[in-house]
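Colleague: Residue numbers (our numbering): 1265 to 1472. Here it is, the structure, as structure tokens.
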Amino acid sequence: MAAGKSTTAVNGAWVVFEDEAGQSITPPRARTWGRQGSTPVVRLRGRGSGRVSMVGMTCYKPGERSRLICAIREYRGRKDEPKGFGWTDCRGLVIRAHNQLGGPIVLVWDNLRMHLVAPLREFFEANAAWITVFQLPTYAPDLNPQEGIWSLVKRDIGNLVAADLGQVTRAVKRKLKMLQYQPAVIDGCLAGAGLVLDHEGDGCQESE
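Laid out in structure tokens, this is it:
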């Protein structure tokens, strides 16, 4: 991330990390209490009945409160229903981030095929005055603070025995809403990725 310091310093930009995730009605593995030698087993109904797709952006700028911008979509297997987010959704979220943050952004995300399509490249080129894009190395989730947000969300619903997909969606929304009001936790996700805010260069750099 040190390579992007001059870009953010010149533009006074926000550094925005984007990532996608998903959750089915089957909860992720989580720790809980149980008798020694007896692993708790949770039985669920409605297995395989849809998926909750999530896309999020952790946003950082020295001197500003860190932000979390996100969107959620349910997929229940209905005809013509989108299974997740497409490139147009990503473009919309970038525009939303620009409007909410009120300034230029440096977007950092992975090499997902959806991120590399020609219409998105054309959009970025047409709006180069306020957006600069950096691609993370191939499979480098440990460098993306948004992964820390997903980890917190999934930890929170690890012991949820949901009756239906709607209950999973509500739990995810509730946790993300709580995190939006906890900038210190969002900052912790940045530190967890081995990055720190560079107050002199107005950007992010790797911590030692």
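The beta carbon of each residue, even a glycine, is placed where N, CA and C say it ideally should be.
Can the beta-carbon of CYS1453 be found less than 8 Å from the beta-carbon of GLY1412?
Modeller: Yes, the pair counts as a contact, with Cβ atoms nearer than the cut-off.
Colleague: Taking the CB atoms as reference points, tell me whether MET1321 and GLU1282 lie closer together than 8 Å.
Modeller: Taking 8 Å as the Cβ cut-off, MET1321 and GLU1282 qualify as a contacting pair.
Colleague: Just verifying my parser: in three-state terms, what is the DSSP assignment at THR1352?
Modeller: It is helical.
Colleague: For TRP1343, count the other beta carbons within 10 Å of its own beta carbon; 16 or more makes it buried, fewer makes it exposed. Which is it?
Modeller: Sequence inspection shows Lys at residue 1343; the Trp mentioned does not correspond to that position. LYS1343 comes out exposed.
Colleague: Please list, in chain order, all residues of the same chain as THR1296 whose beta carbon is under 7 Å from its beta carbon, the five residues on each side excluded.
Modeller: Hits under 7 Å: PRO1304, ASN1423.
Colleague: Quick one: measure Cβ to Cβ for VAL1372 and VAL1279, integer angstroms, because I've assumed they're closer than 8 Å.
Modeller: Right, their Cβ atoms sit about 7 Å apart.
Colleague: Work out the CA separation of LEU1459 and VAL1316 for me, nearest whole Å.
Modeller: Looking at the two C-alpha atoms, the distance is approximately 29 Å.
Colleague: When DSSP labels each residue in this structure, what does ALA1266 get in the three-state scheme?
Modeller: Low per-residue confidence applies at ALA1266: pLDDT is 42, beneath 50, and the placement is therefore not dependable enough to give any value.
Colleague: Let me check understanding here. Comparing Cα to Cα, which of PRO1291, GLN1399, GLY1327 lies closest to PRO1447?
Modeller: Considering only alpha carbons, the answer is GLY1327.
Colleague: Comparing alpha-carbon positions, which option in ARG1329, LEU1332, GLN1300, GLU1338 lies nearest GLY1314?
Modeller: Checked all of ARG1329, LEU1332, GLN1300, GLU1338; the closest Cα to GLY1314 is GLU1338.
Colleague: Would you kindly work out how many angstroms separate the C-alpha atoms of ILE1359 and GLY1366, rounded to a whole number?
Modeller: Rounded to the nearest angstrom, the two C-alpha atoms are 10 Å apart.
Colleague: Rank GLY1286, ALA1455, PRO1401 by C-alpha distance to the C-alpha of LYS1347 and give the top, closest one.
Modeller: Per the Cα distances, GLY1286.
Colleague: Taking Cβ to Cβ, would you say VAL1370 is nearer than 8 Å to ALA1277?
Modeller: For VAL1370 and ALA1277, yes; Cβs fall inside 8 Å.
Colleague: Taking the straight line between their C-alpha atoms, what separation do you get for VAL1381 and LEU1440?
Modeller: If you take the alpha carbons of VAL1381 and LEU1440, they lie about 28 Å apart.
Colleague: Skipping 5 residues on each side, what residues in its chain have a beta carbon closer than 8 Å to that of GLY1356?
Modeller: For GLY1356, where only same-chain residues beyond five positions count, there are no Cβ hits under 8 Å.
Colleague: At 4 residues or longer, and completely inside the stretch 1425–1453: list those alpha helix (DSSP H) runs for me, N to C.
Modeller: Whole alpha helix (DSSP H) segments, 4+ residues: 1429–1444.
Colleague: Could you check the C-alpha separation between CYS1334 and VAL1436 for me, to the nearest Å?
Modeller: Cα to Cα, CYS1334 sits roughly 11 Å from VAL1436.
Colleague: With a threshold of 6 Å on Cβ separation, who are the neighbours of TYR1426 within its own chain once the five nearest residues in sequence on each side are excluded?
Modeller: Reading off the sequence shown, one finds Ala at residue 1426, where the question assumed Tyr. Answer for ALA1426: ILE1289, VAL1432, listed in chain order.
Colleague: If you measure between the beta carbons of TRP1351 and MET1378, is that distance less than 8 Å?
Modeller: For TRP1351 and MET1378, yes; Cβs fall inside 8 Å.
Colleague: What three-state label does DSSP hand ALA1277 in the structure shown?
Modeller: Coil at ALA1277, not helix or strand.
Colleague: Smallest Cα separation from ALA1361: which of GLU1389, ILE1395, GLY1341?
Modeller: Checked all of GLU1389, ILE1395, GLY1341; the closest Cα to ALA1361 is ILE1395.
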